[in-house]
Every structure is written in structure tokens, then in C-alpha cells.
Amino acid sequence: MEVGFPVSSAGDFESVQTIARHIKNSRVCALSRAVDKDIDVAAEALKVAEAFRIHTFIATSALHVESKLRKTFDDVLDMAVHAVKRARGYTDDVEFSCEDAGRTGVDNICRIVEAAIKAGATTVNIPDTVGYCLPMEYGNIIANVMNRVPNVDKAVISVHCHNDLGMATANSLTAIQNGARQIECTINGIGERAGNTALEEVVMAIKTRQALFNGLDTRINTQEIHRVSQMVSQLCNMPIQPNKAIVGSNAFAHSSGIHQDGMVKNKNTYEIMSPETIGLKKEKLNLTARSGRAAVKNHMEEMGYPESDYDLDKLYEAFLKLADKKGQVFDYDLEALAFIDMQQGDEDRLALDVFTTQIISGLPASAFVQVELDGKRVSQVSQGGNGPVDAVYNAILAITGMEIKMLNYNLTAKGEGAEALGQVDIVVEYQGRRFHGVGLATDIVESSARALIHAINAIYRSQKVADLKGKINSHFLKN
């Protein structure tokens, strides 16, 4: 586990030291240039660890050696050997990296790898620092190291790929096929510029196509992948793109009608791995205008409605009209459409009228909210919010008497400048079921309030359908 660059700042030193002190079941590694001070500071930060590694590096490409370091390759080779030996004075676990190996001549890579291993390096890293290599090139570099370095069996060959050309995962996997046995990667592929190799991608690629990797196993508990991915995203404030492989929100979502029909019949038709493998409960069949009757029928069956309870043709026609307007249709929308003829009016029960908020430094936020509920104006004052949005939410929930759990809150800007609209998308949980809400306004608090009210109206409609279903069942039981 490489956790930082101690010499770079006091903060990095402290974070490395703190992690080293607390981590007990993993070897902790710190980075250093091939400079005595860097190595000494790294060792100082790591000395509290139960087991640690020092990772020292120096640039090896002609461009870096001549333009950045102002040295010759022989100078760099001597510095690498000295750095490895100094690091070995602190620990028997030393990693050496040839920075910019992707643009370094293969002959020079083999020379410096052999020298580093001879000096005591137990791991040697061949990084594609600027994401320049294509898989065929990178695989050839690793193959040359494995075949030409006489003492290569005394060290683990590692790879560290960047994603500037979108090749980080492909290059890492090619390296494994050519003999590398360590991949340096990050959760969600976060990292410098376009990012690093994504841990979840290489792990699931090796697991899914294990036969192509001679049965190699990463020993990663893949069922923790989704949870850890979400945690890293939240802690780093780096949203995951919806179509991100493995962990994106659409990674196991199927919208095409043809695909959904295949999934209903046999999941293997369009799914090469199950969502449960990474810790998700199940795949999603997103209901959109491209969804077919089979997907709509399948959703209704999963909610407990046999086809005899509703008119599928009529439901599908109404569904397509709503999907064209709304984009994605949710289960509770489908329920409302299926039984709309039995409902007396389908208007929203709750509407925002006016609201005000007050924030005084050092005190909790407060809000006054007035809404229309079933045609009557109702107002509520709330105190003790963690901010204006929280205060408004507390007031709205007090009016409805609902206990709602906020699962997800997402704010995006629509447009530019002072007139930009803020769109708030939320996911809430009520009585074990999830509901979605969206609000749009120039004021963030207002768009947040509208999103919650949108979700609450969806809950009201769902309750109405549930009541109707109960009455229908009761009628059939009596007769």
C-alpha cells in the first residue's frame, strides 16, 4: 500500500506516519526520489510500521535524463544503485522505478533493472509515466525485461500505467501476460492527469477472463469493490462517471429493448459478470422509451402484479408517452400508470408556496415553509438545521409527518453565469422503498425543496396505488 511522498511536505510526512502506525495487515510503502534526504525522510516516517517498503525512483528516458536531470544515463544508473543500497539500509523491501520507462530504450531499461536488482531491489517497476505506450509496445518492453535481464528471477516486476491515451488497464493486463506480477493501481482510476490504472478494472478483467491469465488470482475480495469505490468518490469529492467500467451507475444498467428482452430470458445474453460479484444487489433494467413490452411486464411482475391485474397494451402505450417526456420511468410511475383509471385525479398533493431561511453565524439555520397540501395552505417553522437546505427539509417533513431517509443528493448547474439554474436530483428511502425527486430553480435551496416535494408526491401516488391494490384484493377475497 503506497501512501505518500513524505519529503514533499509536512502534511504528507504526517499522513504517511499516521497510516504506518495504524495499518497492521498490509505492508506500508512511501515514495522517494533517488536522493539521500528523500530516502532518509521516508524511512523516518515509516519506522513506526510493523512492515514497510521504500520506493525510490529516477527518470531514465533520454528526454528526462538530458532535459530535466542534465546528466548522462551512466550517471543515472549510478544514482539508482546508490539509492537502492541506501534504502536497503533501512528495510529489506525496496522498490525501484525507472520513471518514464515507456519512452526509454529497451537496452537501457534492461541495464538499469539488472543493476537495481543486483543492488538489492526486491521489486522493480516499469512505469508508463505519461501514458504513451500502446499495449503491443508495453507488452514487448516487459517481455524484453523478463527474457534479457539475467537476475530478473530475484525480483518482482511491477507496472504503473497512466491513462492519457485510455490504455492504462489494457497495458497493465498485457504486462501481466508477459510476466509482470505487480500492478500499481488506484480505486476508480484516480490519479495525475487522466488518471492511473483502475484497480476495479484489472481485478475484474483477471477474474472474468482468468483462463487468459493462466489461472492467476488477485485475492481481492471483489464484493467490497462497489462500497469502496463509492467511499473513495465521496471522500475525494470526485464523482464517478455513469458509464465508468465496473463501478459506474450504468455499468449494470440495460436500457435497450432488445437487451432487456435478452436479460429477462437469460442474464448471460448481455452480462459478462454479475453485479453481485462487486457487491451490488442486482442489475438494473432502466425503463426508457427504448424499453420493450417484456421489460415493462418484467418490472410489473417483480412488483407483484400478474398480467391479469392490468392491461399490458394500454400500460405500454401510456408508458411510452411518459418515457418520451420524462426520460427514465421508475417502478412507482409504472404502478400509477397501470391503475390510473381507478384513481380519482392524479394531480400532485403537495406543492411549494413560499419559504424563507435564516442563517446567523454560530447558530443553527432556521426556515419558514408554506405549502399547499391537498388544496390547503399549511406552514411550518423549523429550527436546528445544518444549513438552509436541511432546515427547509426539516420543515417540509414536519408538515407531512413522514420519516424519510436521504440516500443521495446531487447538485448540477444548468447554464452559465448568474442566470444558471441549479438542478437537484435526490434519492430518498421511505418504508424500505426508494423514490427519486428532481428540482430546478435559480436558487439552490428552492431547487432542493422542489426535489423533495417531487419525491414526496411520488410516495403519495405509490401509497394511493397500494390502497387500490388492497381494495381490489379485498373485493376478490369476499367474492
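Converting from the sequence shown to the working numbering requires adding 15 to each position, the first position being numbered 1.
Glycine included, each C-beta is placed from N, C-alpha and C at the ideal position.
For residue i, which residues does DSSP report across the bridge?
| i | result |
| --- | --- |
| residue 429 | 436 |
| residue 400 | 380 |
| residue 69 | 45, 109 |
| residue 140 | 112, 173 |
| residue 74 | 114 |
| residue 445 | 448 |
| residue 373 | 381 |
| residue 302 | 344 |
| residue 17 | 44 |
| residue 388 | 365, 391 |
So for residue i, helix, strand or coil by DSSP?
| i | result |
| --- | --- |
| residue 362 | coil |
| residue 119 | coil |
| residue 126 | helix |
| residue 322 | helix |
| residue 421 | strand |
| residue 207 | coil |
| residue 197 | strand |
| residue 395 | strand |
| residue 189 | helix |
| residue 368 | strand |
| residue 131 | helix |
| residue 147 | coil |
| residue 85 | coil |
| residue 411 | helix |
| residue 266 | coil |
| residue 494 | Because residue 494 carries a pLDDT of 45, less than 50, the predicted location of this residue cannot be relied on, and no value is offered for it. |
| residue 330 | helix |
| residue 296 | coil |
| residue 256 | coil |
| residue 246 | helix |
| residue 183 | helix |
| residue 64 | coil |
| residue 166 | coil |
| residue 281 | coil |
What residue range does the alpha helix (DSSP H) around residue i cover?
| i | result |
| --- | --- |
| residue 290 | Note, residue 290: premise wrong, no alpha helix (DSSP H); not H, not E. |
| residue 31 | 25-37 |
| residue 150 | 150-163 |
| residue 217 | 214-223 |
| residue 239 | No alpha helix (DSSP H) contains residue 239, which DSSP labels as neither H nor E. |
| residue 308 | 308-317 |
| residue 97 | 88-103 |
| residue 261 | Counting along the chain, residue 261 falls outside any alpha helix (DSSP H), and DSSP gives it neither H nor E. |
| residue 59 | 51-61 |
Check for me: the beta strand (DSSP E) holding residue i runs from which residue to which?
| i | result |
| --- | --- |
| residue 173 | 171-176 |
| residue 448 | 448-456 |
| residue 232 | First-last for residue 232: undefined, no H or E at that position. |
So is residue i in contact with chain B if we call contact Cβ pairs under 9 angstroms?
| i | result |
| --- | --- |
| residue 447 | Here chain B cannot be found, since the structure has a single protein chain. |
Have a look at the options and flag the residue whose alpha-carbon is nearest the alpha-carbon of residue i.
| i | options | result |
| --- | --- | --- |
| residue 139 | 245, 42, 123, 167 | 167 |
| residue 383 | 391, 409, 363, 366 | 409 |
| residue 372 | 337, 364, 390, 395 | 395 |
| residue 510 | 237, 345, 251, 343 | Outside the shown range of the chain, which is 16 to 494, sits residue 510, and nothing can be said about it. |
| residue 194 | 380, 164, 362 | 164 |
| residue 333 | 321, 317, 302, 316 | 302 |
| residue 186 | 25, 209, 149, 207 | 149 |
| residue 435 | 458, 422, 20, 453 | 458 |
| residue 296 | 240, 54, 475, 56 | 240 |
| residue 66 | 323, 147, 35, 155 | 35 |
| residue 133 | 151, 329, 117, 170 | 170 |
| residue 197 | 478, 111, 182 | 111 |
| residue 417 | 426, 471, 391, 460 | 471 |
| residue 180 | 188, 147, 161 | 147 |
| residue 475 | 143, 348, 323, 309 | 348 |
| residue 58 | 314, 289, 137, 98 | 98 |
| residue 453 | 445, 464, 446 | 464 |
| residue 368 | 345, 378, 392, 375 | 392 |
| residue 309 | 137, 438, 331, 209 | 331 |
| residue 446 | 477, 469, 398, 386 | 477 |
With a threshold of 8 angstroms, establish whether the CB of residue i neighbours any heavy atom of the ligand HEM.
| i | result |
| --- | --- |
| residue 161 | As presented, the structure is devoid of all ligands, the ligand HEM included, so that no description of it is given. |
Original post:
Quick check: the segment 40-49 against the segment 67-80, are there 3 or more CB pairs under 8 angstroms?
Top reply: As far as the Cβ criterion goes, the segment 40-49 touches the segment 67-80, which means the pair count is three or higher.
Original post:
Given 8 angstroms as the limit, is there contact between the segment 198-214 and the segment 257-267, that is, 3 or more CB pairs closer than that?
Top reply: Because the criterion of three Cβ pairs below 8 angstroms is met, the segment 198-214 and the segment 257-267 touch.
Subject >> Stretch-stretch touch, CB-based, cutoff 8 angstroms, three pairs: the segment 193-207 with the segment 248-260 >> reply: Between the segment 193-207 and the segment 248-260 there are three or more inter-stretch CB-CB distances shorter than 8 angstroms, so the stretches are counted as touching.
**OP:** Examine the Cβ distances between the segment 78-86 and the segment 27-40 and report whether three or more of them are shorter than 8 angstroms.
**Re:** Counting Cβ pairs under 8 angstroms, fewer than three are found: no touch.
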